[in-house]
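Engineer: Residue numbers (the working numbering): 18 to 570. Yeah, the Cβ is synthetic: ideal placement off N, Cα and C, and Gly gets one too. Have a look at this one.
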């Protein structure tokens, strides 16, 4: 392992996108990856002697070495890694307090970088999934953006958000607000804080390789967020729970969006057919509606606008989707997509400026599709699409869904499919997927529908949950779909803790049986049967032994 050097490699050492797929030095690359709890930090005690601490560090390193060897033995060549440099107990330290670790000190950063260096030595590549470990903020973070007119209101809003959080039972009141808020998409300060926290992670230097993470070719995928699914959550009303400062700024942006698009109120009325009593484009009193469900009218207007307060007097108490024309609903989607994608594009510009790896290797804007066309559209605007899916090996008896209660054929078809796919097909409760029509989906086809022509496709998470009598066939069925659609990455979730990996019998533990909690039911650390199937499927996938369909549907 290289120490103390920071010689940035040649461009040819980085995985890049070419002709819609991943390549390295002119050769197509396919990655078979693992996600989970690793490598495991030393369990220091306050009264440990220097010798005891040294022994625990050596044990943690041996455990990391054994896990890397195990990954290699199982046919993996890739890791999707959640750890973020500068974190302790999964909470990022304040930027001003971050200090370089001392090699061998056993800190989380030390063990993480040691593990990454060992992966690099063995030819692995890594997906950086920890870039969005953003931590929390306080009113004092207001100075990240110099905007005097909004300083006081922003401080008060953050203080309100902090006060509105419920601490865990037995814990003191919280003193900061988590940065991963819906408002980070439209609030300039929250966005600036997001970029600053991400940059601190990317700038971290691995003392075992001599490279900043942002420059290290080990990292070949950069992820802006994990399962954010922002548009769907906004339509479900996540923004309505925010302090008024953030809600009002969103609604002001909505009215501004409409003024830019339509210019005049007559044009807006022509497109929508009508406005609600009191709504006026020039006065900025257009309600931010419809949402996906019933919403109180009081939540939909800017209560800092006196004109809007007056307009509220003539409105219903609650509005539903069917109260509005389709054209207005389309404008809501258009506005949210524009807001979301422009935010992600600003993050992308920042990330790609930080180093050679962040610039050359692909970036994904989020993970997961949620079977939503607006999510899929957003993915298409970036370097690659990243979707995942899970399924079960055990299910209930089939229950006919209440189709009459659903408003349209699409929702009825989804409900019918979901009920059929989740139900058992064996009398003893097991689900045998080989006896069903081809497919991986538990309900709607997340993985099957996500591949976009001309862009790499990454399966960011997948697994069949225990208990599953037919679990070993899942890697082979996944291989078939990945070959047909010509995927680039498949990541298996979840590699559970292996604290005794360095022992001779470190992987001989009895296989876990699900407790019904996530992610324990997806653990495959000790599942030798599925591991054998995964190894075979992984070899076939990595080598491209099954040719893709010419024009997969």
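Indicate whether residue 267 and residue 318 have their beta-carbon atoms separated by less than 8 Å.
Structural biologist: No, Cβ-Cβ distance for residue 267 and residue 318 is not below 8 Å.
Engineer: If contact is defined by three or more beta carbon pairs under 8 Å, each pair taking one atom from either stretch, is the segment 174-187 in contact with the segment 228-235?
Structural biologist: No, the segment 228-235 is not in contact with the segment 174-187.
Engineer: Going by C-alpha to C-alpha distance, which of 314, 439, 402 and 411 sits closest to residue 418?
Structural biologist: Answer by Cα proximity: 439.
Engineer: Pull up the distance between the alpha-carbon of residue 172 and that of residue 524, whole angstroms please.
Structural biologist: Rounded to whole angstroms, residue 172 to residue 524 spans 51 Å at the Cα level.
Engineer: Mind checking which residues open and close the beta strand (DSSP E) that includes residue 365?
Structural biologist: Element bounds for residue 365: not the beta strand (DSSP E) but the alpha helix (DSSP H), 343-369.
Engineer: Between the segment 81-89 and the segment 115-126, do at least 3 Cβ pairs fall closer than 8 Å?
Structural biologist: Contact fails: fewer than three Cβ-Cβ distances are below 8 Å.
Engineer: Near residue 288, what residues of its chain come up, given a Cβ to Cβ distance below 7 Å and the 5 sequence neighbours on each side ignored?
Structural biologist: Contacts found: 279 and 344.
Engineer: For the alpha helix (DSSP H) that contains residue 502, what are its first and last residues?
Structural biologist: Unbroken alpha helix (DSSP H) run through residue 502: 491-502.
Engineer: Go ahead and pull the three-state DSSP assignment for residue 381.
Structural biologist: The answer is strand: DSSP assigns residue 381 an E or B state.
Engineer: Among 261, 511, 364 and 532, which one has its Cα closest to the Cα of residue 320?
Structural biologist: Nearest of 261, 511, 364 and 532 to residue 320, Cα basis: 261.
Engineer: Shortest alpha-carbon distance to residue 192 belongs to which of 158, 164, 221 and 218?
Structural biologist: The shortest Cα separation from residue 192 among 158, 164, 221 and 218 belongs to 158.
Engineer: Contact check, residue 563 vs residue 500 under 8 Å by CB: the rounded distance?
Structural biologist: Indeed they touch by this definition, with Cβ atoms about 4 Å apart.
Engineer: Classify residue 193 as helix, strand or coil using the three-state DSSP reduction.
Structural biologist: The answer is coil: DSSP assigns residue 193 none of H, G, I, E or B.
Engineer: Within the same chain, show all residues whose beta-carbon is closer than 7 Å to that of residue 133, passing over the 5 residues directly before and after it, in chain order.
Structural biologist: Within the same chain, residue 133 has close Cβ partners 143, 223 and 235.
Engineer: Counting pairs of beta carbons, one from the segment 405-421 and one from the segment 440-449, are three or more of them closer than 8 Å?
Structural biologist: Verdict: yes, contact present.
Engineer: Runs of 3 residues minimum, wholly inside the segment 280-320: which ones carry the beta strand (DSSP E) assignment?
Structural biologist: For the segment 280-320, not a single whole beta strand (DSSP E) run of length 3 or above is found.
Engineer: Let me confirm a value: residue 556 is counted as buried when at least 16 other C-beta atoms fall within 10 Å, else exposed. Which label applies?
Structural biologist: Classification of residue 556: exposed, given that the 10 Å Cβ count is below 16.
Engineer: Please go through the same chain and pick out, in chain order, the residues whose beta-carbon is closer than 7 Å to the beta-carbon of residue 486, but skip the five residues on each side of it.
Structural biologist: 410 and 447.
Engineer: Once the 5 residues before and after residue 553 are set aside, which same chain residues still bring their CB inside 7 Å of it?
Structural biologist: Nothing meets the Cβ criterion.
Engineer: Work out the CA separation of residue 508 and residue 380 for me, nearest whole Å.
Structural biologist: When rounded, the distance between both Cα atoms is 16 Å.
Engineer: Would you say residue 303 and residue 271 are within 8 Å of each other, going by their C-beta atoms?
Structural biologist: Cβ distance < 8 Å, so residue 303 and residue 271 count as in contact.
Engineer: Among the residues of its own chain, which have a CB less than 6 Å from the CB of residue 20, if the five just before and after it don't count?
Structural biologist: Its pLDDT being 47, under 50, residue 20 is placed unreliably in this model, and the value from its coordinates should be taken loosely. Hits under 6 Å: none found.
Engineer: Just to confirm, are residue 50 and residue 101 a CB contact at a threshold of 8 Å?
Structural biologist: Not closer than 8 Å, so no.
Engineer: From this set, 95, 119 and 122, which residue's C-alpha is nearest residue 137's C-alpha?
Structural biologist: Nearest option by C-alpha distance: 95.
Engineer: Taking just the CA atoms, how far does residue 454 sit from residue 211?
Structural biologist: Using only the alpha carbons, I get a separation of about 44 Å.
Engineer: Cβ of residue 71 versus every heavy atom of the ligand ZN: is any distance shorter than 7 Å?
Structural biologist: Summarising the ligand content, the structure contains no ligands, and the ligand ZN is consequently not present.
Engineer: Please report the straight-line C-alpha distance between residue 429 and residue 423, rounded to a whole angstrom.
Structural biologist: The alpha-carbon atoms of residue 429 and residue 423 are separated by roughly 6 Å.
Engineer: If you follow the beta strand (DSSP E) that residue 434 is in, where does it begin and where does it stop?
Structural biologist: No beta strand (DSSP E) holds residue 434; the alpha helix (DSSP H) holding it covers 426-439.
Engineer: Leaving out five residues before and five after residue 131 in sequence, what residues of the same chain have Cβ atoms less than 7 Å from its Cβ?
Structural biologist: The residues are 78, 81 and 225.
Engineer: Out of 299, 214 and 47, which one is the CA nearest neighbour of residue 473?
Structural biologist: Measuring from the Cα of residue 473, the nearest candidate turns out to be 47.
Engineer: Whose C-beta lies closer than 6 Å to the C-beta of residue 91 among residues of the same chain, with five residues either side of it excluded?
Structural biologist: Same-chain partners within the cutoff: 548 and 552.
Engineer: Let me make sure I understand the geometry here. Which of 521, 520, 470 and 505 has the alpha-carbon closest to that of residue 568?
Structural biologist: Of the candidates 521, 520, 470 and 505, the one whose C-alpha sits nearest the C-alpha of residue 568 is 470.
Engineer: What residue range is occupied by the uninterrupted beta strand (DSSP E) comprising residue 33?
Structural biologist: 33-35 is the extent of the beta strand (DSSP E) around residue 33.
Engineer: Assuming contact is defined by CB atoms lying nearer than 8 Å, are residue 244 and residue 385 in contact in what I supplied?
Structural biologist: A contact, by the Cβ cut-off of 8 Å.
Engineer: Output the boundary residues of the alpha helix (DSSP H) element that contains residue 142.
Structural biologist: Here residue 142 belongs to no alpha helix (DSSP H); instead the beta strand (DSSP E) covers 142-145.
Engineer: Taking all protein chains shown into account, do 16 or more other C-beta atoms lie within 10 angstroms of the C-beta of residue 139, making it buried, or fewer, making it exposed?
Structural biologist: Exposed, because fewer than 16 other Cβ atoms sit within 10 Å of the Cβ of residue 139.
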